[in-house]
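Following: one structure in structure tokens, then a few remarks.
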Amino acid sequence: MKFIFELYRASSKAKDIPASKKLILNSNDNWHPQQKAKFVEKLKDLSGAAAIRQDGGKTQLVKKVNTRKGKTKTKFITRLVIPRYGKSKTCTATLTVFAPSNRKSDPDNLQPTMKAIMDGFTEAGLWPDDNHEVVKYTKYQYGGLSGTKAYRLEVDIEDLTFEL
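Quick note: the sequence shown uses this note's numbering, first residue 640, plus one each step.
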């Protein structure tokens with residue numbers, strides 16, 4: 640399965656870019672935890688919706704309740720009924736980063752973005768958990784120029800046909 644996201648740096652000051660597209664988190668960014676959590680939640684929603692659209696399987700509405708410091712937050716999420724991957728059908732994940740410019744880049748600095756995307760896939764039910772028993776490895780690589788002002792992130796989830 641291939642997922643393509645065109646996003647901008649969350650720290651971008653450009654006013655012509657919608658806030659809903661400013662979601663790329665970099666390991667070198669120093670965000671306040673509450674601000675970072677907002678970006679992570681948006682990324683999870685975006686990737687979860689993409690997983691459900693691409694899988695096309697039967698879905699169900701699930702109530703998710705988070706309690707933190709005495710506050711309860713309830714959210715309803717759409718989730719696949721039958722996960723595509725699990726302990727008996729493992730996979731690998733590859734993040735290919737297409738940058739908007741020729742500046743030097745370090746693809747693995749986008750790990751916070753990839754983590755949020757993978758968590759979104761988990762919430763959507765693509766797999767029961769994104770642990771080492773299901774996702775055997777994650778790879779980061781540079782893919783060249785995006786051809787636009789945005790970063791293009793391609794996430795390839797591939798079946799693992801042999802055991803590592």
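For every residue, glycine included, the Cβ atom is placed at its ideal position computed from N, Cα and C.
As the structure is a prediction and not an experimental result, all values here were calculated from the model.
Check: In chain order, what residues of the same chain have a beta carbon less than 7 angstroms from the beta carbon of residue 711, not counting five sequence neighbours either side?
Finding: Short of 7 angstroms from the beta carbon of residue 711, and not among the five residues preceding or following it, lie these beta carbons of its own chain, in chain order: 704.
Next item on the list: Grab the span of the alpha helix (DSSP H) containing residue 716 for me, first residue to last.
Entry: Where residue 716 is concerned, there is no enclosing alpha helix (DSSP H), although the beta strand (DSSP E) around it starts and stops at 710-719.
Check: When you compare only the Cα positions, how much space is there between residue 891 and residue 739?
Finding: With the chain covering only 640 through 803, there is no way to say anything about residue 891.
Next item on the list: Would you give the residue range spanned by the beta strand (DSSP E) that residue 736 belongs to?
Entry: Residue 736 -> beta strand (DSSP E) spans 730-738.
Checklist line | residue 645: first and last residue of the uninterrupted beta strand (DSSP E) it sits in | finding: Looking at the DSSP string, the run of the beta strand (DSSP E) that includes residue 645 is 641-648.
Margin query: I'd like to confirm the pairing. Which residues does DSSP put opposite residue 725 in its beta bridges?
Written below: BP columns for residue 725 are empty, so no partner.
Notebook entry, point to check: How would you call residue 796, buried or exposed, if buried means at least 16 neighbouring beta carbons within 10 angstroms?
Noted result: The residue is buried, with at least 16 neighbouring Cβ atoms inside 10 Å.
Notebook entry, point to check: For residue 742, which three-state DSSP category applies?
Noted result: Residue 742: coil per DSSP, three-state reduction.
Note to self: Please state whether the Cβ-Cβ distance between residue 668 and residue 650 is less than 7 angstroms.
What the structure shows: Contact: yes.
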